[in-house]
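Written out below as structure tokens is the structure these notes cover.
There are 2 protein chains.
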Amino acid sequence: MPGLSLDSEVLLQLETPALVLDRGALERNIQCMAETGRQAGVALRPHAKTHKSPHIALLQMRAGAVGIACATVAEAEALAAAGITGLLITSPMMGAAKFDRLARLNRNHGVTVVADDSAQVTGLLAALHPGDRRLRVAVDVDVGQARTGVTDLAAGVALARMIAAEPQLEFAGIQGFAGHAQHIIDPEGRKAATARSAATLMSFAKALGGAGLPPDLITGSGTGTYGLDARGPYNELQVGSYVFMDADYARIKDERGQGLSFAPSLFALASVVSTNRPGQVTVDAGTKALATNGPSPCVIIGAPNGTAYKFAGDEHGILTIPNGAPPPRLGARVLIGATHCDPTVNLHRSFNLFENGNVEQWPICGRYGD
Amino acid sequence: MPGLSLDSEVLLQLETPALVLDRGALERNIQCMAETGRQAGVALRPHAKTHKSPHIALLQMRAGAVGIACATVAEAEALAAAGITGLLITSPMMGAAKFDRLARLNRNHGVTVVADDSAQVTGLLAALHPGDRRLRVAVDVDVGQARTGVTDLAAGVALARMIAAEPQLEFAGIQGFAGHAQHIIDPEGRKAATARSAATLMSFAKALGGAGLPPDLITGSGTGTYGLDARGPYNELQVGSYVFMDADYARIKDERGQGLSFAPSLFALASVVSTNRPGQVTVDAGTKALATNGPSPCVIIGAPNGTAYKFAGDEHGILTIPNGAPPPRLGARVLIGATHCDPTVNLHRSFNLFENGNVEQWPICGRYGD
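What follows is the structure, encoded as structure tokens:
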């Protein structure tokens, strides 16, 4: 199967900017992570915040995932509508409208949510109807990210007891997401942060065990630390970015200097719209096409080696061409590797899935207002 | 009319995160800029890249704008469908699909576009049908932003001659957008950059006059420099961000230390979803709700004075509460002022227009894939 290439006629006909997804690289990334999970004996519940795509979630499920993690109820609704089971919503939520929407999803499909405060549990209970299936609730533990999650053992045990005591709820286990550790470039620093998070999570697991509530589920992790987390205490990994890779995760290396075992699959297709100055060209992909909270793209297909991208407004980017190299001509197409994959995906309505010289549209679901 | 306030029941019922627009502040901003234009004797063609909203464009037209500037054909299509005339597309474009879409828009509604290369003009010509109304084309001039636009006088005159010689085209004038000058914080530096841009644009106007093609239209400017640009050589101003203001433009001051004459009207409404640590709360508005390419929000309604916002992932932000001040409670709502307004708007499907205690949905149009 030929890979992604600008020789393909179909990429010359798409209106730009457009999000292009290389199916070959995507599937290899999914298989590689699935194999890692199998070898380590740890389950995968890949995170849909990265792709917001029922199509990609189905590929992950077919590769053996036990379910899919979601950041929002809207993401979970889109996946449930595609028949995906094992949904876990990884953000504690508040608000009657949100609780009602979540309760409806649980009624129709079954879902697991997390909480870090009794008020969230009370709110969820108020939204459940008599006769609803039991809502699974996990305790979110702050393992160092300082964002959400209980911070002391007694509070964690009390929250688990409250959940377990409610007939309409089921205590599902614990979640610890070390978001702060995922992007630490120095391998030793990343390893140390991961070890601290693991120790925190383990102390909660032990305290809950001592209280007669041993957690079935110990969930968390991400693409930056999955190799470390697969050794425990996690029994499932919420990996997300590995499906696409991006400029951020391209910087992550292990102690032997090895990068992650995944290839870039996500690109912004852009057109050269101005060649008004020597040494640079202007393309029609800017801050509305690529997320700005990541390093510069590390892959640009269709421009000379060493070409650098910089943002130049809502609709423009500048490619700086190395001295002496021939710039892409006016009207030429380039494929710009994702900066930060999750928020880049969120800027687009669909993926243009490239496979074997053809393109298929895969919708991006659960954006705000969907 | 009571202003935007979290005492309003309707803001407690919206699902978060949501984009909230204060109609009072919006209308005052629109009137203030319209009055500035009238007093200076310069036309306004406000830029829709900021709001992507036919509703807001109609308010601008009712306040006396001669038309609306658009960054993309999709934005222009959405405005044309709402009956808005005087559309100018401010980005040179390339690609047969884009040219066809543009030609269709011109056929049905009439439009002005810009070009900085003969290949763009040739492409546009090829897309026009016999009997189409004449397409108005302006020459885009690089006034120092180094993004698009002709960079030398001879090339500018040659391009204008090419346009003027084509029976299906009309030479509309020149555009010079000093994007690089808009956000210069130091007033002297901003003034100097604006003077250099003005001199460049004036030299093109003179050269074209000498060639028998004096430009009717001299268009450009933005919210950071409109006061300087209103003195010339511009005869119309493409101001955008003034309708909303944001943390970026809040830093802009004139030589007397005066800020811009516009008030913040655009906010992300968020819920406090975790209060797990003292001195901070976590809200459900992160990098998918607020653009990351701007300073931290300078207005947060519903939190103590001195509260600071920082991004904490796709769906989260952290509010750091000043020592001793009472933090918002779990489940409370806060209104977070826009970081950078254009790309923040682009993250949402609609504005929740707040007026007098009620909310109305105003769609955000022309996002990629629309």
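Just so you know, the sequences run in chain order S and V.
Residues 1 to 370 in this note's numbering are what the first sequence lists, from first letter to last.
Residues 1001 to 1370 in this note's numbering are what the second sequence lists, from first letter to last.
Quick reminder that beta carbons are idealized off the backbone N, C-alpha and C, glycines included.
None of the values given here were measured: they were computed from a predicted structure.
Do residue i and residue j have their C-beta atoms within less than 8 angstroms of each other?
i              : j              : result
residue 137/S  : residue 171/S  : yes
residue 314/S  : residue 1052/V : no
residue 1069/V : residue 1054/V : no
residue 1090/V : residue 1177/V : yes
residue 1020/V : residue 1354/V : yes
residue 1297/V : residue 1325/V : no
residue 1163/V : residue 1205/V : no
residue 15/S   : residue 1097/V : yes
residue 1242/V : residue 1219/V : no
residue 371/S  : residue 1147/V : Outside the shown range of chain S (1 to 370) lies residue 371/S, about which nothing can therefore be said.
residue 372/S  : residue 334/S  : In the structure as shown, chain S begins at 1 and stops at 370. Residue 372/S is therefore absent and cannot be evaluated.
residue 1119/V : residue 331/S  : yes
residue 1102/V : residue 1093/V : yes
residue 1116/V : residue 1140/V : yes
residue 1269/V : residue 1017/V : yes
residue 1237/V : residue 1044/V : yes
residue 198/S  : residue 232/S  : yes
residue 302/S  : residue 12/S   : no
CB-CB under 7 angstroms to residue i, same chain, minus the five flanking residues each way: which ones, in chain order?
i              : result
residue 1248/V : 1183, 1294, 1295 and 1340
residue 31/S   : 63
residue 1190/V : 1181, 1184, 1224 and 1225
residue 1001/V : Residue confidence for residue 1001/V is low, a pLDDT of 47 falling below 50, so the modelled location carries little weight; the figure read from the coordinates is stated next. Within the same chain, residue 1001/V has close Cβ partners 1024 and 1356.
residue 1079/V : 1048, 1054, 1057, 1068, 1070 and 1087
residue 309/S  : 296, 297, 300, 317, 319 and 336
residue 74/S   : 366 and 370
Would you mind working out which of the options sits nearest residue i, comparing C-alpha positions?
i              : options                           : result
residue 1167/V : 1312/V, 1135/V and 1198/V         : 1135/V
residue 1066/V : 1242/V, 1019/V and 1112/V         : 1112/V
residue 1192/V : 1250/V, 1081/V and 1254/V         : 1254/V
residue 1239/V : 1258/V, 1256/V, 1257/V and 1262/V : 1262/V
residue 347/S  : 281/S, 264/S, 363/S and 359/S     : 363/S
residue 1259/V : 1246/V, 1082/V and 1012/V         : 1246/V
residue 1186/V : 1336/V, 1251/V and 1278/V         : 1251/V
residue 1365/V : 1188/V, 1081/V, 1088/V and 1286/V : 1081/V
residue 154/S  : 213/S, 104/S and 256/S            : 213/S
residue 27/S   : 12/S, 59/S and 38/S               : 59/S
residue 281/S  : 1150/V, 1012/V and 1285/V         : 1150/V
residue 179/S  : 209/S, 145/S, 10/S and 342/S      : 145/S
residue 1033/V : 1061/V, 1012/V, 1083/V and 1006/V : 1061/V
residue 1276/V : 1217/V, 1359/V and 1327/V         : 1327/V
residue 285/S  : 1368/V, 1084/V, 1217/V and 1216/V : 1368/V
residue 1188/V : 1264/V, 1029/V, 1257/V and 1207/V : 1257/V
Going by beta carbon distance, what residues of the same chain come within less than 8 angstroms of residue i, once the five residues before and after it are set aside?
i              : result
residue 1211/V : 1157, 1160 and 1161
What does a CB cutoff of less than 6 angstroms around residue i pick up in its chain, not counting 5 residues either side in sequence?
i              : result
residue 1307/V : 1300, 1319 and 1321
residue 1200/V : 1143
residue 1230/V : 1040 and 1042
residue 344/S  : 290, 291 and 338
residue 132/S  : 107
residue 1099/V : 1123, 1124 and 1127
residue 8/S    : 357
residue 4/S    : 22 and 354
residue 1086/V : 1066 and 1067
residue 360/S  : 353
- [ ] Scan the region 1060-1098 of chain V and note each continuous alpha helix (DSSP H) run of 4 residues or more that stays entirely inside, going in chain order.
- [x] Listed in chain order, they are 1073-1081.
Task: Residues of the region 79-94 of chain S with Cβ closer than 7 angstroms to any Cβ of chain V, in chain order - done: Within the region 79-94 of chain S, the qualifying residues are 91, 92, 93 and 94.
Task: Residues within the region 1258-1279 of chain V neighbouring chain S, beta-carbon criterion of under 9 angstroms - done: Residues 1271, 1272, 1273, 1274, 1275, 1276 and 1277.
Task: Contained beta strand (DSSP E) runs [length at least 3] in the region 238-308 of chain S, N- to C-terminal order - done: Counting only runs of at least 3 residues, the region 238-308 of chain S fully encloses the following beta strand (DSSP E) elements, listed from N- to C-terminal order: 266-274 and 280-283.
- [ ] Residues of the region 312-330 of chain S with a CB closer than 7 angstroms to any CB of chain V: list them in chain order, please.
- [x] The residues in question are 312, 313, 314, 315, 316, 318 and 330.
Task: Members of the region 1148-1163 of chain V that neighbour chain S once the beta carbon cut-off is set at 7 angstroms - done: Listed in sequence order: 1148, 1149, 1150 and 1151.
Task: Contact list for the region 1239-1257 of chain V against chain S, Cβ threshold 9 angstroms - done: For the region 1239-1257 of chain V, the beta-carbon criterion of a distance under 9 angstroms to any beta-carbon of chain S is satisfied by none of its residues.
- [ ] Could you name the residues of the region 1028-1059 of chain V whose beta carbon sits closer than 8 angstroms to any beta carbon of chain S, in the order they occur along the chain?
- [x] Answer in chain order: 1049.
Task: Start-end ranges of the beta strand (DSSP E) lying completely within the region 6-48 of chain S, minimum 3 residues - done: List check, beta strand (DSSP E) in window: 18-22.
Open item on the list: Give me the subset of the region 1167-1178 of chain V whose CB atoms are less than 8 angstroms from a CB atom of chain S, sorted by chain position.
Closed with: Look at the region 1167-1178 of chain V: it has no residue with a C-beta under 8 angstroms from a C-beta of chain S.
Open item on the list: Taking beta-carbon pairs under 9 angstroms, can you tell me which members of the region 125-151 of chain S lie near chain V?
Closed with: Near chain V, meaning a CB-to-CB distance below 9 angstroms, the residues of the region 125-151 of chain S are 140, 142, 145, 146, 147, 148, 149, 150 and 151.
- [ ] Could you list the residues in the region 1213-1237 of chain V with a C-beta less than 7 angstroms from some C-beta on chain S, going in chain order?
- [x] Residues: none.
- [ ] Note down, in chain order, all residues in the region 1347-1364 of chain V with a beta-carbon under 8 angstroms from any beta-carbon belonging to chain S.
- [x] Sequence-ordered contacts of the region 1347-1364 of chain V with chain S read 1347, 1348, 1349 and 1350 [C-beta pairs closer than 8 angstroms].
Open item on the list: For the region 96-112 of chain S, list every residue whose C-beta sits within 9 angstroms of some C-beta in chain V, in sequence order.
Closed with: Listed in sequence order: 96, 97, 98 and 101.
Open item on the list: Threshold first: 3 residues or longer. Then list the beta strand (DSSP E) segments lying entirely within the region 100-147 of chain S, N to C.
Closed with: DSSP runs (the beta strand (DSSP E)) wholly in the region 100-147 of chain S: 112-115 and 135-141.
Open item on the list: Give me the subset of the region 1290-1309 of chain V whose CB atoms are less than 9 angstroms from a CB atom of chain S, sorted by chain position.
Closed with: Within the region 1290-1309 of chain V, the residues whose Cβ lies closer than 9 angstroms to some Cβ of chain S are 1291, 1292 and 1293, listed in chain order.
Task: the region 1189-1201 of chain V: positions lying closer than 7 angstroms to chain S by Cβ - done: Answer set for the region 1189-1201 of chain V: empty.
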